[in-house]
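Undergrad:
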Amino acid sequence: MTLPLFANGSVVGDYTPLIKYLEEARKRKGEAHVDDVVPRGEDLEYVKKIVESGTVSLAELLQILTNKFYSRVDGEVAKHVLETCRGVSYTEEEARIEIAKLLAGWCIEICSTLGIVKLRPRWKM
Numbered sequence: 214m215t216l217p218l219f220a221n222g223s224v225v226g227d228y229t230p231l232i233k234y235l236e237e238a239r240k241r242k243g244e245a246h247v248d249d250v251v252p253r254g255e256d257l258e259y260v261k262k263i264v265e266s267g268t269v270s271l272a273e274l275l276q277i278l279t280n281k282f283y284s285r286v287d288g289e290v291a292k293h294v295l296e297t298c299r300g301v302s303y304t305e306e307e308a309r310i311e312i313a314k315l316l317a318g319w320c321i322e323i324c325s326t327l328g329i330v331k332l333r334p335r336w337k338m
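Count the sequence shown with the working numbering and you get residues 214 to 338, in order.
1) Are the CB atoms of Y234 and V294 nearer to each other than 8 Å?
2) Can you give me the Cβ contacts of H246 inside the same chain, cut-off strictly under 6 Å, excluding the 5 residues immediately before and after it?
3) Thinking C-alpha only, which one of G300, Y259, K240 is nearest A317?
4) Inspect the beta-carbon positions of F219 and L315 and report whether they are closer than 8 Å.
5) From which residue to which residue does the alpha helix (DSSP H) around L316 run?
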C-alpha cells in the first residue's frame, strides 16, 4: 500500500479510501480543492498548539481534528468513494466524517514524523 507524504501507518490502518477520495476529488473538483483538503502548515501548527497546552489523548486529538477537517470534505465525492471502496451505503454526512477522520489521522502521523507529537503505543483506526 502506498502511503501519503509523511504518513507512517501508525494511526491510519488503510489509506486506500483517502487516496481514492483525493484522486476522485481532483477529477471532479480540481487541484485547488485537493490543496484545500490535505493537511497543511496551519493544521500542524494547530496540533502543536493543542499538545503544548496540556496532555491530550490520541482519541481526543483525532476528534478535534476530524471536526476541523469535516468542512473541507465534499460529501458527494466522499460518499461515492467510500461506497465504491467498501461496498457499504453511506449518507453524505457519514462519508464526510469518515474521510475527515482519515485526514485527521494523516495529520497526526505527519506531526509524529516531524516530531511535533509523540505517540506512545501503536494505535490504528
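Beta carbons are placed, not taken as given, at the ideal position from N, Cα and C, and that holds for glycine.
Since we're looking at a predicted model, the values are computed, not measured.
TA: According to the structure data:
1) yes
2) A238
3) Y259
4) A distance of 8 Å or more separates the beta carbons of F219 and L315.
5) 305 to 326
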